[in-house]
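Novice: Those letters in the sequence shown? Residues 1327 to 1589, per the numbering used here, in order. Every residue gets a Cβ at the ideal spot worked out from N, C-alpha and C, and that includes glycine.
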Amino acid sequence: MAPPTSRSFDDLVAEGAAAPTEGWDFSWFEGRATEARPSWGYARSLAGRLAEAAAVLDVQTGGGEVLDIALAAAAPHRPGLAVATEGWAPNVAKATELLRPRGVPVVASPDEAPFPFAGGAFDLVVSRHPVRPHWAEIARVLMPGGTYFAQHVGPGSVFELVEYFLGPQPEEIRTARHPDRERADAMAAGLDVVDLRAERLRMEFHDIGAVVHFLRKVVWMVPGFTVEKYRPRLRDLHERIESEGPFVAHSTRHLVVARKPRP
């Protein structure tokens, strides 16, 4: 059991509420929350694929952090063309600042919109934790023989925390993002799924500030979350963490590798 923090509820909550939420850099959580990583090592595996690609599209790049790491690891064998899309304005600015020095343009494009690229423009399309995969658009912009390589959030991810705040969720919500459903959707778009692996991974939240920051950063977990709205539940959870140790949840992730058939 972790020892009590000795810091007040109000101080921890204020700290979590003030932390910037742009991008997908989770270094703020160091020492405050942990999450096991999938065995396939997405960024490392992505670097290997980038080294063999000619033209790559990174969909919903966030702050560009993962693509930046993978491009650095792939150098000097990086694709001749690399482009990223992002739908949230603060992340567009952050990703542009990070990726411009690598010669990667970041295109502001709403997550639900068609990709602003010609058909067959890329031999590799990648994405880490898209809100939802646009299978028809992925298939359209891939050239024949091209590959979609991605890590998706799976069903019921971090639902111990979600249901702590929202209560029991309907089965259709709990099973959304199921890899079997995504396999069927990818195949319906004309892609062959050549690899699909899923893992359930332990998470620990060591203080209430980490919970607040997580729910502000990953906004779809508890839609409409604010400290004011959930202050009583936050205080109860703070007291539980102080007395019992870290709040334990589990994320779900799946690796997807799909290929567009050649004629």
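From the DSSP output, which residues share a beta bridge with residue 1579?
Specialist: 1479 and 1525
Novice: Tell me the rounded alpha-carbon separation between residue 1459 and residue 1370.
Specialist: For residue 1459 and residue 1370, the distance between alpha carbons rounds to 21 Å.
Novice: Three or more C-beta pairs closer than 8 Å, one from the segment 1415–1430 and one from the segment 1393–1402: is that the case here?
Specialist: Contact holds: three or more Cβ-Cβ distances are below 8 Å.
Novice: Since residue 1441 contacts residue 1422 with CB under 8 Å, what's their CB separation in whole angstroms?
Specialist: That belief does not hold up - the Cβ atoms of residue 1441 and residue 1422 are roughly 18 Å apart, past 8 Å.
Novice: Under a three-way DSSP split, which group does residue 1571 fall into?
Specialist: Three-state result, residue 1571: coil.
Novice: Give me the Cβ distance between residue 1480 and residue 1387, rounded to the nearest whole Å; I'm assuming they're in contact under 8 Å.
Specialist: Contact flag wrong, Cβ pair sits at about 20 Å.
Novice: By Cβ distance, which residues of its chain are closer than 6 Å to residue 1585, with the 5 residues on each side in sequence left out?
Specialist: 1473, 1518 and 1520
Novice: Kindly provide the ranges of any beta strand (DSSP E) runs that are 3 or more residues long and lie completely inside the segment 1451–1514, ordered along the chain.
Specialist: Listed in chain order, they are 1468–1479.
Novice: Less than 7 Å between C-beta atoms, sequence neighbours within five positions excluded: which residues of the same chain meet that for residue 1525?
Specialist: 1364, 1365 and 1579
Novice: Assign residue 1588 to buried or exposed, taking buried as 16 or more other Cβ atoms, counted over all protein chains shown, within 10 Å of its Cβ.
Specialist: exposed
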